[in-house]
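Asker: Residue numbers (the numbering used here), protein chains in the order written: chain A, 1 to 508; chain B, 509 to 842. Dumping the structure here so I can ask a few things about it.
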């Protein structure tokens with residue numbers, strides 16, 4: 001097989017950071033080459049150099065054997081390199097076809113657009129992808145999976161021979177991932193080389209031919225994906241052995257019920273959902289994207305209205321209408337979208353931790369007591385192991401895992417003993433993940449009731465004492481946690497459509 | 509494929525709502541209600557002369573609002589449209605009366621000056637990365653000052669330029685069909701609107717207007733020279749302000765250097781009432797036109813009812829808040 005891309009001795013420095021140190025990478029025709037590493041390992045920087053967004057400080061880049069030096073995304077595209085960014089770069093107000101041909105619209109005289117040719121061109125690309133999509137659909141109204149397909153179509157429209165995919169499955173559900181993989185295999189067969197960046201270990205085995213591992217801006221090694229165990233990949237990524245100890249399910253039969261929800265209903269999104277969580281228990285919520293798990297959490301938290309349903313906290317009926325009612329009752333909700341709803345990224349760690357409890361740090365005439373806030377935030381920084389140079393560091397400068405810990409500190413300070421974690425490790429790398437898991441387990445051990453919503457099955461199974469599974473707004477079953485429950489059992493409940501009504505599995 | 513990945517086919521109506529046409533329908537309905545309401549309470553309101561007065565009053569603000577719409581769709585804002593209008597009318601005044609150039613040159617100089625000033629704003633925003641609000645606020649003050657400097661703080665009268673007042677006040681349509689003496693100013697407004705609509709909907713420049721407002725970084729990463737296009741859009745908006753400058757100078761038959769401040773807010777109000785999103789990416793010229801008409805009808809109708817000027821302003825402010833509230837309420841629902 002021909003080598004399309006060859007990068008050797010790549011160097012890149014940013015002010016104060018040596019981002020890439022003598023990194024090498026190569027890509028062959030028709031292969032899927034996974035690029036693995038923790039956040040900050042330098043994967044994205046390397047790909048930005050390949051695609052002309054950053055300029056390298058040293059090293060050589062060859063495309064099809066010829067030295068190349070793309071200085072802009074446009075020049076990289078001309079060299080046949082397409083990149084699909086982690087955060088989709090689409091224009092939501094434009095149509096699918098308009099997005100695909102942005103910058104090279106078929107034109108007529110005087111800068112007039114040839115809209116018919118534009119739509120036809122998009123339709124042709126969709127046809128080669130076996131994708132059933134209207135070129136005139138407004139992108140913002142499509143699912144994330146469809147938007148992803150449009151990104152791929154856009155990259156293909158440049159006749160790309162190299163396709164960089166940066167965490168393409170981060171926001172896709174299982175069925176959508178399967179669709180994506182069909183297209184990836186098809187591209188492979190046509191000789192396109194694919195560089196695949198992902199944090200999901202299981203995908204490595206499913207789709208990758210080779211894997212290159214990076215750590216701290218350095219090249220660690222390249223291996224055949226088929227005969228390299230996942231545990232080896234992980235330990236090479238983090239530079240140490242990460243041992244997964246088996247889940248210990250504590251006996252909570254005697255514990256008090258902390259939260260009891262009965263008959264929670266809202267339209268088609270939530271249909272008659274009932275469950276309870278005991279003190280010291282971790283209840284996992286599994287299901288496909290759109291199954292209604294986040295909706296349930298938001299309805300309980302008072303962020304969205306509900307049609308009916310009772311919420312009891314420690315046995316008392318609570319009338320929760322707004323998030324502030326929920327917080328008063330001791331319920332905290334950690335959103336899946338940290339940047340939008342979790343932290344104020346431009347403010348420092350101290351301000352973020354104190355955010356929900358400001359009244360406690362206010363003197364009688366309404367002046368904030370910075371000294372008290374500092375003491376408390378330093379206490380939580382130590383207790384949760386938040387890695388930050390000081391409590392006055394801006395939160396945006398912290399890694400994803402540490403940002404998440406700041407959010408957790410905020411809710412702990414607010415005395416919430418029922419905590420909803422919505423995708424607690426999204427965008428967090430492998431090493432920091434296990435720290436978050438440990439933290440959740442500690443919180444449960446201290447007697448808090450923890451509800452974890454996660455789209456990653458291994459995560460749910462790794463953490464949950466019991467697993468609630470949802471499908472299309474209904475709770476289709478609650479399974480016991482631990483080794484007795486298999487992924488297959490969960491997936492069966494998660495895909496149990498409306499026709500089969502009787503819930504299977506052990507409803508406790 | 510499971511149900512989760514399937515798109516529900518949307519009804520035509522739902523699609524209309526998605527594209528913001530809902531707000532336009534709402535604005536259009538409000539306009540009709542206002543017209544019907546005023547004509548019921550005041551018999552003088554619906555007279556042809558009054559209707560023409562309303563249209564004439566819309567022309568300047570309408571043209572400025574069209575300029576503002578282009579910039580707002582890119583996700584920016586242009587606070588300098590009002591004083592730029594003044595500066596271009598002063599420019600025309602200098603060229604026509606002081607230099608004694610022929611009339612077409614005066615018009616061309618105003619439009620060219622508008623385009624140049626718009627290009628400067630665009631340069632500040634695109635190349636110097638100054639937030640549009642600040643860049644055009646600075647430009648607004650610069651142009652206000654320059655208008656006074658160039659004119660010597662005195663109005664420039666066009667009495668020696670025959671035909672100049674006819675640009676806005678004459679009526680080509682009235683000469684052909686005497687029963688509908690629609691002034692040229694209004695005709696020019698509609699021509700500007702049609703051309704701007706065409707540019708937005710059918711040309712590359714218009715496409716990048718929406719694309720920039722929707723996701724500028726994505727456009728840049730697609731290999732588009734975003735800075736250049738953004739400057740082009742500001743320049744186009746400036747040129748349209750130049751047309752407004754000619755319109756107002758012709759209507760007053762003079763260039764009034766102290767005029768202009770406050771016009772930018774009325775223009776932005778018309779844009780907002782017309783359903784263009786201040787966060788960019790969405791908007792239409794038709795909506796802006798309706799927004800400008802609503803404001804003119806309101807002012808005129810309240811005057812016909814002898815409501816004091818001060819209260820007219822209060823009502824206009826309330827309408828802006830209501831219009832944006834209606835838009836927000838709709839978006840929360842979907």
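Ideal Cβ placement from N, Cα and C applies to all residues, glycine included. The structure presented is a predicted model; accordingly, all values stated were derived computationally and were not measured.
1) Which residues bound the beta strand (DSSP E) around residue 93 of chain A?
2) Can you round the beta-carbon distance between residue 701 of chain B and residue 630 of chain B to whole angstroms, since I take them to be within the 8 angstroms contact cut?
3) 8 angstroms is my cut-off, CB to CB: does residue 792 of chain B come that close to chain A?
4) Any beta carbon of chain A sitting closer than 8 angstroms to that of residue 712 of chain B?
5) Going along chain B, which residues have a C-beta under 7 angstroms from residue 102 of chain A?
6) Does residue 70 of chain A have its Cβ less than 8 angstroms from a Cβ in chain B?
7) Does residue 112 of chain A have its Cβ less than 8 angstroms from a Cβ in chain B?
8) So, at 6 angstroms on beta carbons, what are the nonlocal neighbours of residue 175 of chain A in its own chain, with the 5 sequence-adjacent residues on each side left out?
9) What residue from B:595, B:696, B:553, B:563 has the CA that sits closest to residue 767 of chain B's CA?
10) Please name the residues in the stretch 680-705 of chain B whose beta-carbon is closer than 9 angstroms to at least one beta-carbon of chain A, in chain order.
11) Run through chain A and tell me which residues come within less than 9 angstroms of residue 715 of chain B, C-beta to C-beta.
12) Nearest CA to the CA of residue 289 of chain A: which residue from A:29, A:422, A:79, A:94?
13) Can you look up residue 517 of chain B in the DSSP assignment and give me helix, strand or coil?
14) Specify, as a first and last residue, the run of the alpha helix (DSSP H) that residue 735 of chain B falls within.
15) Hey, residue 581 of chain B and residue 749 of chain B are a contact pair by Cβ (cut 8 angstroms); roughly how many whole angstroms apart?
16) Here's a check: name, in chain order, each residue in its chain whose Cβ is nearer than 7 angstroms to the Cβ of residue 643 of chain B, leaving out the five neighbours to either side.
17) Assuming contact is defined by CB atoms lying nearer than 8 angstroms, are residue 55 of chain A and residue 71 of chain A in contact in what I supplied?
18) Suppose contacts are defined by Cβ-Cβ distances below 8 angstroms. Is residue 600 of chain B in contact with residue 753 of chain B by that definition?
19) Am I right that residue 34 of chain A and residue 164 of chain A are in contact with their C-beta atoms under 8 angstroms? What's the rounded C-beta distance?
20) Let's test the definition: count the other Cβ atoms within 10 Å of the Cβ of residue 608 of chain B and tell me whether it reaches 16, buried, or not, exposed.
21) Pick from A:27, A:22, A:18: whose alpha carbon is nearest that of residue 6 of chain A?
22) Quick one: complete beta strand (DSSP E) runs, 3+ long, within the stretch 802-832 of chain B?
23) Measuring CA to CA, which of A:200, A:209, A:218 is closest to residue 24 of chain A?
24) Give the interface partners of residue 90 of chain A over in chain B, defined as CB-CB distance under 7 angstroms, in chain order.
25) Take the Cβ of residue 557 of chain B as the centre, count every other Cβ of all protein chains shown within 10 Å, and call the residue buried at 16 or more, exposed below.
26) Taking Cβ-Cβ distances shorter than 7 angstroms, what residues in chain B pair up with residue 77 of chain A?
27) For the candidate residues A:464, A:471, A:156, whose alpha-carbon lies nearest to that of residue 252 of chain A?
28) Where does residue 286 of chain A land, buried or exposed, given buried means 16+ other C-beta within 10 angstroms?
29) Please look up how many angstroms separate the CB atoms of residue 303 of chain A and residue 323 of chain A, rounded, as I've assumed it's under 8 angstroms.
30) Determine whether the beta carbon atoms of residue 261 of chain A and residue 300 of chain A lie at a separation below 8 angstroms.
31) Quick one: give me the first and last residue of the beta strand (DSSP E) that residue 360 of chain A is part of.
32) Buried or exposed for residue 833 of chain B, going by 16 or more other Cβ atoms inside 10 Å?
33) Do you know whose CA, among B:724, B:545, B:828, B:816, lies nearest residue 103 of chain A's CA?
34) According to the Cβ coordinates, are residue 313 of chain A and residue 259 of chain A closer than 8 angstroms?
35) Quick one: give me the first and last residue of the beta strand (DSSP E) that residue 483 of chain A is part of.
36) Quick check: the Cα distance between residue 539 of chain B and residue 493 of chain A, rounded to an integer number of angstroms?
Answerer: The short version:
1) Along the first chain, read from residue 1 onward, the residue named residue 93 of chain A stands at position 93. Careful: residue 93 of chain A lies outside any beta strand (DSSP E) and carries neither H nor E.
2) Numbered from 1 along the second chain, position 193 holds the residue referred to as residue 701 of chain B. Numbered from 1 along the second chain, position 122 holds the residue referred to as residue 630 of chain B. The Cβ separation is near 22 angstroms, so there is no contact.
3) For the purposes of this step, residue 792 of chain B is taken as residue 284 along the second chain, with counting starting at 1. It does not: the Cβ of residue 792 of chain B has no partner Cβ on chain A nearer than 8 angstroms.
4) Translated into the one-based positions of the second chain, residue 712 of chain B becomes position 204. Taking Cβ atoms only, chain A reaches closer than 8 angstroms to residue 712 of chain B, which makes this a yes.
5) For the purposes of this step, residue 102 of chain A is identified with residue 102 of the first chain, where counting begins at 1. Near residue 102 of chain A (Cβ distances below 7 angstroms), the residues of chain B are 719, 727, 730, 732.
6) Translated into the one-based positions of the first chain, residue 70 of chain A becomes position 70. Residue 70 of chain A does not count as touching chain B.
7) As a working note, residue 112 of chain A is residue 112 in the first chain. It does; some Cβ of chain B falls within 8 angstroms.
8) By one-based count along the first chain, residue 175 of chain A stands at place 175. Nothing listed; no residue qualifies.
9) As a first step, residue 767 of chain B must be located in the second chain, where it is residue number 259. Answer by Cα proximity: B:595.
10) Listed by position, the residues of the stretch 680-705 of chain B near chain A (Cβ gap below 9 angstroms) amount to none.
11) Mapped onto the second chain, residue 715 of chain B falls at position 207. Under the 9 angstroms cutoff, chain A gives 94, 98, 102, 105, 113.
12) The sequence position of residue 289 of chain A within the first chain is 289, counting from 1. Selected option, being the one with the closest Cα: A:422.
13) By one-based count along the second chain, residue 517 of chain B stands at place 9. Because residue 517 of chain B carries a pLDDT of 46, less than 50, the predicted location of this residue cannot be relied on, and no value is offered for it.
14) Taking the second chain and counting its residues from 1, the one referred to as residue 735 of chain B is at position 227. 734-760 is the span of the alpha helix (DSSP H), which, as asked, contains residue 735 of chain B.
15) Residue numbering aside, residue 581 of chain B sits at position 73 when the second chain is read from its first letter. Residue numbering aside, residue 749 of chain B sits at position 241 when the second chain is read from its first letter. In this structure residue 581 of chain B is not in contact with residue 749 of chain B, their Cβ atoms being roughly 16 angstroms apart against a cut-off of 8 angstroms.
16) The count along the second chain starts at 1 and reaches residue 643 of chain B at position 135. Cβ within range, chain order: 629, 632, 633.
17) Walking along the first chain from the start, residue 55 of chain A turns up at place 55. Walking along the first chain from the start, residue 71 of chain A turns up at place 71. Taking 8 angstroms as the Cβ cut-off, residue 55 of chain A and residue 71 of chain A qualify as a contacting pair.
18) On the second chain, position 92 is the one that residue 600 of chain B refers to. On the second chain, position 245 is the one that residue 753 of chain B refers to. Cβ distance < 8 angstroms, so residue 600 of chain B and residue 753 of chain B count as in contact.
19) Within the first chain, the letter at position 34 stands for residue 34 of chain A. Within the first chain, the letter at position 164 stands for residue 164 of chain A. About 12 angstroms; that fails the 8 angstroms criterion.
20) Here the question's residue 608 of chain B lines up with position 100 in the second chain. So residue 608 of chain B counts as exposed.
21) For the purposes of this step, residue 6 of chain A is taken as residue 6 along the first chain, with counting starting at 1. When only C-alpha atoms are compared, the closest one is A:27.
22) DSSP runs (the beta strand (DSSP E)) wholly in the stretch 802-832 of chain B: none.
23) Working through the first chain from its first residue, we reach residue 24 of chain A at position 24. Closest by alpha carbon: A:218.
24) Taking the first chain and counting its residues from 1, the one referred to as residue 90 of chain A is at position 90. Residues of chain B passing the Cβ test: 723, 726.
25) For the purposes of this step, residue 557 of chain B is taken as the residue at position 49 of the second chain. Within a 10 Å sphere around the beta-carbon of residue 557 of chain B sit fewer than 16 other beta-carbons, which makes this residue exposed.
26) Here residue 77 of chain A corresponds to residue number 77 of the first chain, with the count starting at 1. Correct list: 731.
27) Within the first chain, numbered from 1, the residue matching residue 252 of chain A stands at position 252. It is A:464.
28) One-based indexing of the first chain puts residue 286 of chain A at position 286. Buried: at least 16 other Cβ atoms inside 10 Å.
29) Translated into positions along the first chain, residue 303 of chain A becomes position 303. Translated into positions along the first chain, residue 323 of chain A becomes position 323. That belief holds up - the Cβ atoms of residue 303 of chain A and residue 323 of chain A are roughly 5 angstroms apart, short of 8 angstroms.
30) Position 261 of the first chain holds residue 261 of chain A. Position 300 of the first chain holds residue 300 of chain A. With respect to residue 300 of chain A, residue 261 of chain A sits close: the two C-beta atoms are nearer than 8 angstroms.
31) Counting from one through the first chain, the residue named residue 360 of chain A turns up at place 360. Run containing residue 360 of chain A: none; DSSP gives neither H nor E here.
32) Stepping through the second chain from its first residue, residue 833 of chain B is reached at position 325. That one is exposed.
33) Numbered from its first residue, the first chain carries residue 103 of chain A at position 103. Comparing Cα positions, the closest option is B:724.
34) As a position in the first chain, residue 313 of chain A is number 313, starting the count at 1. As a position in the first chain, residue 259 of chain A is number 259, starting the count at 1. Against a cut-off of 8 angstroms, the Cβ pair of residue 259 of chain A and residue 313 of chain A comes out as a contact.
35) For the purposes of this step, residue 483 of chain A is taken as the residue at position 483 of the first chain. Here residue 483 of chain A belongs to no beta strand (DSSP E), and DSSP marks it neither H nor E.
36) Walking along the second chain from the start, residue 539 of chain B turns up at place 31. Walking along the first chain from the start, residue 493 of chain A turns up at place 493. Going by C-alpha positions, residue 539 of chain B is about 54 angstroms away from residue 493 of chain A.
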